[in-house]
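Asker: This is the structure, below, for whatever I ask next.
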Amino acid sequence: MISGPQYTKCKIAILDYIVKNGLRQGDILPSQRDMCGCFGTSMITIRRALAELQAAEIVHPTPGKGMFVSKNVVSEKPLGSIILLDINAPFRQIHNGLQYLHKYVRLHGYQFKSFVCGEYPDDSILKETGGATGLLATGVITDAWKDFLGSLSCSVVNMGLKNEHIPGTKTVYSDAGDDVGLAVDYFAAAGYKKIAFLNAPKMYYCTETMHNAFLRSLKKHSLPILENLESFIPDEERSVEVRRFLFHHEGHFDCLLSEAGIVSYILSAFYENDLKKVPLGIVGGMWNQACYQNQWIVEFGRSESIFKLAVDVLLDSFQPKKLQKYPASKIKNESVIGQACPISWKRDKCASPAIINPGRNP
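The numbering used here numbers the first residue of the sequence shown as 50 and each following residue consecutively.
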């Protein structure tokens, strides 16, 4: 069968979809109609491309069920191993991020392991990291860990703060203060005058940064700085503290900012207690990609998941320096306003090859 250029291009797009979404033998492809929309081509082209892939024994149809992958198109032998060290930060929950990392790293042909570590490196960590191709690190990096990570011969990417950069490694960082500044700019431009802020507990490393950015941004727009309209919500009794604040100050503010970890408590309070809804801005989501915006909730967060960016930077560091996309030692994960709507399951599973998202956002 002689393949024309349009069919070859479509076959490449289908194969690219299979690889980037980690489809293995027995997994199902999207329907032909969905693939037409995803790849921007006709049904005739899709059918011809699938027929050629079927002839090559890469896919096969099952009547009444759909088109399935016949064999793995990526080698089963891993290219190496990537390890995440979650250091000295037991209070932080990154379970969803770990699930995403496991899938995203595997899609690139590498094994993935993660370890929760204490204040100092121990013998078990020394043993595990000895044969690693690359390392990801996050958490509260002590001097002992800085010395250890800086001494490794493999590539290391730290997901942390700009001022916590470790010489000899690369740092992917976010600035929660940028989120707050962007949020105040956004709501001030929309005409809101009294902005309240439910900040994170004072012990969190980004709390002071967000507090200072909040005051600075209010001053920039000549908005009133009211101390009682910023509250540091503790981890304990969050639900009670959030409700107390909202009831006590209801009507005193026309817009509300919230640290990402507090949002669910605010939404519960609004819906369960029939409180008057005001525009809600979500800030400080250091790990996840900003992904939604509706009539009264706007998220100010990352342009992409910091987990994805860190892996991309790590894989890029395996390349010769002249070919690297991220040659700098410090890479900022920029703050953006969330997309117009949530990424739907269908969109996540079937996107055009140019912008395909290999896995759900953590």
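Quick reminder that beta carbons are idealized off the backbone N, C-alpha and C, glycines included.
Excluding the 5 residues preceding and the 5 following Cys-390 in the sequence, name in chain order all residues of the same chain whose CB lies nearer than 6 Å to its CB.
Answerer: One-based indexing of the sequence shown puts residue 390 at position 341. Because the pLDDT at Cys-390 is just 32, under 50, the model does not fix this residue reliably, and the value given afterwards should be weighed accordingly. Within the same chain, Cys-390 has no close Cβ partners at all.
Asker: What first and last residue would you give for the beta strand (DSSP E) that runs through Cys-304?
Answerer: Taking the sequence shown and counting its residues from 1, one reaches residue 304 at position 255. Segment 304-308, the beta strand (DSSP E) holding Cys-304.
Asker: Going along the chain, which unbroken runs of the beta strand (DSSP E) with 3 or more residues stay wholly within the region 147-175?
Answerer: Runs found: 159-166.
Asker: For Asn-70, name the three-state secondary structure that DSSP assigns.
Answerer: Here residue 70 is taken as the residue at index 21 of the sequence shown, counted from 1. Correct three-state label for Asn-70: coil.
Asker: Mind checking whether Gly-199 and Ile-215 have CB atoms under 8 Å apart?
Answerer: Locating residue 199 in the sequence shown gives position 150, where the first residue counts as 1. Locating residue 215 in the sequence shown gives position 166, where the first residue counts as 1. Yes, the pair counts as a contact, with Cβ atoms nearer than the cut-off.
Asker: Could you tell me whether the Cβ atoms of Met-259 and Glu-213 are closer together than 8 Å?
Answerer: Position 210 of the sequence shown holds residue 259. Position 164 of the sequence shown holds residue 213. No.
Asker: Taking the alpha-carbon of Glu-321 as reference, which of Gly-300, Val-289, Ala-249 and Arg-351 has the nearest alpha-carbon?
Answerer: Indexing the sequence shown from 1 puts residue 321 at position 272. Checking every option, the nearest Cα to that of Glu-321 belongs to Val-289.
Asker: In three-state DSSP terms, what is Ala-389?
Answerer: The residue labelled residue 389 in the question sits at position 340 within the sequence shown. Reliability fails at Ala-389, whose pLDDT of 35 lies under 50, so the model's placement of it is uncertain and no value is given.
Asker: Count the other C-beta atoms from every protein chain shown that fall within 10 angstroms of the C-beta of Ser-80, then say buried if there are 16 or more, exposed otherwise.
Answerer: By 1-based counting over the sequence shown, the position of residue 80 is 31. With a 10 Å radius around the Cβ and a threshold of 16 neighbouring Cβ atoms, Ser-80 comes out exposed.
Asker: Around the C-beta of Gly-180, are 16 or more other C-beta atoms found within 10 angstroms, so that it is buried, or is it exposed?
Answerer: By one-based count along the sequence shown, residue 180 stands at place 131. Exposure of Gly-180 is indicated by the presence of fewer than 16 other C-beta atoms within 10 angstroms of its C-beta.
Asker: Quick check on DSSP: helix, strand or coil for His-109?
Answerer: As a first step, residue 109 must be located in the sequence shown, where it is residue number 60. Strand, per DSSP.
Asker: Exposed or buried, which one is Thr-178 when buried takes at least 16 other CB atoms within 10 Å?
Answerer: Translated into positions along the sequence shown, residue 178 becomes position 129. Buried is the call here.
Asker: Decide if Leu-372 is buried, meaning its Cβ has at least 16 other Cβ atoms within 10 Å, or exposed.
Answerer: The residue given as residue 372 occupies position 323 in the sequence shown. With fewer than 16 other Cβ atoms within 10 Å, it is exposed.
Asker: Among residues of its own chain, excluding the 5 on either side of Val-165, which ones have a beta-carbon nearer than 6 Å to its beta-carbon?
Answerer: By 1-based counting over the sequence shown, the position of residue 165 is 116. Result list for Val-165: Asp-135, in chain order.
Asker: Using only the alpha-carbon positions, how far apart do Ile-282 and Cys-85 sit?
Answerer: Walking along the sequence shown from the start, residue 282 turns up at place 233. Walking along the sequence shown from the start, residue 85 turns up at place 36. The alpha-carbon atoms of Ile-282 and Cys-85 are separated by roughly 49 Å.
Asker: Taking the alpha carbon of Ile-244 as the point to measure from, which residue in Leu-264, Ser-271, Asp-303 and Asp-192 has its own alpha carbon closest?
Answerer: Along the sequence shown, read from residue 1 onward, the residue named residue 244 stands at position 195. Looking at the Cα atoms, Asp-303 is the closest of the given residues.
Asker: Given Phe-161, which residues of its chain have a CB within under 7 Å of its CB, disregarding the five upstream and five downstream residues?
Answerer: In the sequence shown, the residue the question calls residue 161 occupies position 112. Cβ neighbours of Phe-161 beyond the five flanking positions: Ile-131, Leu-150, His-151, Val-154 and Arg-155.
Asker: Give the secondary structure of Glu-257 by DSSP, where H, G and I count as helix, E and B as strand, and everything else as coil.
Answerer: In the sequence shown, residue 257 corresponds to position 208, counting from 1. Three-state DSSP puts Glu-257 in a helix.
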